[in-house]
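At position 104 of the sequence shown (counting the first as 1) the number is 104 in the numbering used here, and the numbers step up by one without a gap. Just so you know, even glycine gets a beta-carbon here, dropped at the ideal spot from N, CA and C. Note that the structure is predicted; figures quoted are calculated from it, not measured. Accompanying notes for the structure given below.
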Amino acid sequence: MCIEPTEQGASLCADCWADTTFINGTICDACGTPLPGEADGKVKCDSCSAHPPAWDIGRAAVVYADGGRLAVLSLKHGDRLDMAKPLAEWMVRSAGDLLDRADVIVPVPLHWRRMFKRRFNQSAELAWHLSKISGTPCIPDLLVRDLPTPTQDGLTREERYENQRGVFSAHKRREVPRNIVLVDDVMTTGATLSACAETLRTAGVERIDALVLARVARDL
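Take a look at the structure:
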């Protein structure tokens, strides 16, 4: 797989496209994970029914596997910032009306130490392009990551949530919007997004929708 943009710049080559599972059809309204069968109206997966997320609606563009996983890793660890725009366009197609009704777009922040090491925040890059495409303003520093956290790889759901406890705060000099779209690159258990959403709720945000590039989906 090459993960190279086409000449049109809005999509990937045919091979990469064929190796990527785009999320459509029946999905969980809360986390965006694909669900089997057909359903009318809003449905939730077993996980979101048992543990309702801290945000309102969640959407994801692709499954975090094969081409979707490689796209995320190429952007995140391969310095492929040129991919941010076409990947954001995938997210726009999945977002429905979330971006239209939002006051602002807010990316999940990195801690300054990780930002210094990586030199960019992949979630902020996606959020910036989402803003340019949709016209909805982006506030990249509305959320602040106060504490560095170890990698979440290999942690259980409970450990991931504990790992994110007390990590974020709202920027004290920013006006709190009423309605936001929270943006991240990948959703696994939703622990990071939940910690961000809880922080924003405490700060006074009324509605929070989550939009991610890729969703880890099990048992598809």
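Query raised in the report: Hey, how far is the Cα of Asp79 from the Cα of Pro52?
Result: Working through the sequence shown from its first residue, we reach residue 79 at position 79. Working through the sequence shown from its first residue, we reach residue 52 at position 52. Pro52 has its alpha-carbon roughly 35 Å from the corresponding atom of Asp79.
Requested in this report: With Arg101 as the anchor, note down where its alpha helix (DSSP H) starts and where it stops.
Outcome: One-based indexing of the sequence shown puts residue 101 at position 101. Its alpha helix (DSSP H) spans residues Leu98 to Arg101.
Report task. Identify, in the order they occur along the chain, each residue of the same chain with its Cβ nearer than 6 Å to the Cβ of Leu75, setting aside the five sequence neighbours on each side. Result -> Sequence index remark: in the sequence shown, residue 75 carries index 75 (1-based). These residues qualify, in order along the chain: Met83 and Gln122.
**Report entry** Trp17 versus Ala217 - alpha carbon distance
**Finding:** In the sequence shown, residue 17 corresponds to position 17, counting from 1. In the sequence shown, residue 217 corresponds to position 217, counting from 1. Put simply, the backbone Cα of Trp17 is about 19 Å away from that of Ala217.
Query raised in the report: So Ala88 packs on Ile133, CB below 8 Å; how close in whole Å?
Result: In the sequence shown, the residue the question calls residue 88 occupies position 88. In the sequence shown, the residue the question calls residue 133 occupies position 133. Right, the Cβ-Cβ distance comes to about 6 Å (below 8 Å), so this counts as a contact.
Report task. To the nearest angstrom, report how far apart Ala104 and Gly32 are at their CA atoms. Result -> To locate residue 104, count along the sequence shown from 1; it is residue 104. To locate residue 32, count along the sequence shown from 1; it is residue 32. Residue identity check: residue 104 is Val in the sequence provided, not Ala. One C-alpha to the other measures close to 20 Å.
Query raised in the report: Does DSSP classify Val183 as helix, strand or coil?
Result: In the sequence shown, counting from the first residue as 1, residue 183 sits at position 183. In the structure shown, Val183 sits in a strand (DSSP, three-state: E or B).
Query - Exposed unless 16 or more other CB atoms sit within 10 angstroms - verdict on Trp55 - result: If you number the sequence shown from 1, residue 55 lands on position 55. It counts as buried.
Query raised in the report: In angstroms, rounded to a whole number, what distance separates the CA positions of Leu98 and Phe22?
Result: Mapped onto the sequence shown, residue 98 falls at position 98. Mapped onto the sequence shown, residue 22 falls at position 22. Near 18 Å, if we compare the C-alpha coordinates of Phe22 and Leu98.
Requested in this report: Work out the CA separation of Ala14 and Thr189 for me, nearest whole Å.
Outcome: Your numbering for residue 189 matches position 189 in the sequence shown. Your numbering for residue 14 matches position 14 in the sequence shown. Roughly 31 Å separates the two Cα atoms.
Query raised in the report: Which residues does DSSP pair with Gly58 in a beta bridge?
Result: The residue labelled residue 58 in the question sits at position 58 within the sequence shown. Bridge partners of Gly58: Ala210.
Query raised in the report: Just to confirm, are Cys213 and Val72 a CB contact at a threshold of 8 Å?
Result: Translated into positions along the sequence shown, residue 213 becomes position 213. Translated into positions along the sequence shown, residue 72 becomes position 72. The identity of residue 213 in the sequence shown is Leu, whereas the question assumes Cys. Taking C-beta atoms as the reference points, Leu213 and Val72 count as a pair closer than 8 Å.
Query - Nonlocal neighbours in the same chain, by C-beta distance under 7 Å from Gly204, ignoring five residues either side - result: For the purposes of this step, residue 204 is taken as the residue at position 204 of the sequence shown. The residues are Val176.
**Report entry** Neighbour-count burial assignment, Val194, 16 or more Cβ in a 10 Å radius
**Finding:** Numbered from its first residue, the sequence shown carries residue 194 at position 194. One point to set straight first is that residue 194 is Ser, not Val, in the sequence displayed. In summary, Ser194 is buried, with 16 or more beta-carbon neighbours lying within 10 Å of its beta-carbon over all protein chains present.
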